[in-house]
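A.B. asks: Take a look at the following structure, please.
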């Protein structure tokens with residue numbers, strides 16, 4: 001994944017949503033992505049990169065405030 005590239009996902013209703021990758025960082029040996037919806041650049045979302053047993057990449061939403069603050073502090077972005 002490349003910073004400033006756009007990724008597309010499907011929501012629960014099957015609607016396509018595009019996200020811009022703002023930052024990709026590693027904190028404590030864990031990869032994180034900070035993204036924002038293309039149609040709402042003010043909203044930041046945090047995802048943890050995980051790999052399953054077949055080495056397929058998964059994105060897990062980060063909801064823990066302490067973990068989000070840790071990622072924010074490591075990022076070059078200004079929040």
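Residue numbers (full-length UniProt numbering): 1 to 79.
Don't be surprised by glycine CBs; every beta carbon is placed ideally from N, CA and C.
(1) Relative to the C-alpha of residue 11, which candidate in 29, 22, 37 and 26 has its C-alpha closest?
(2) In chain order, what residues of the same chain have a beta carbon less than 6 Å from the beta carbon of residue 9, not counting five sequence neighbours either side?
(3) How would you call residue 55, buried or exposed, if buried means at least 16 neighbouring beta carbons within 10 angstroms?
(4) Would residue 34 pass as a contact of residue 71 if the rule is Cβ separation under 9 Å?
(5) Residue range of the alpha helix (DSSP H) that residue 74 falls in?
C.D. replies: For this structure:
(1) 37
(2) 17
(3) exposed
(4) yes
(5) 65 to 74
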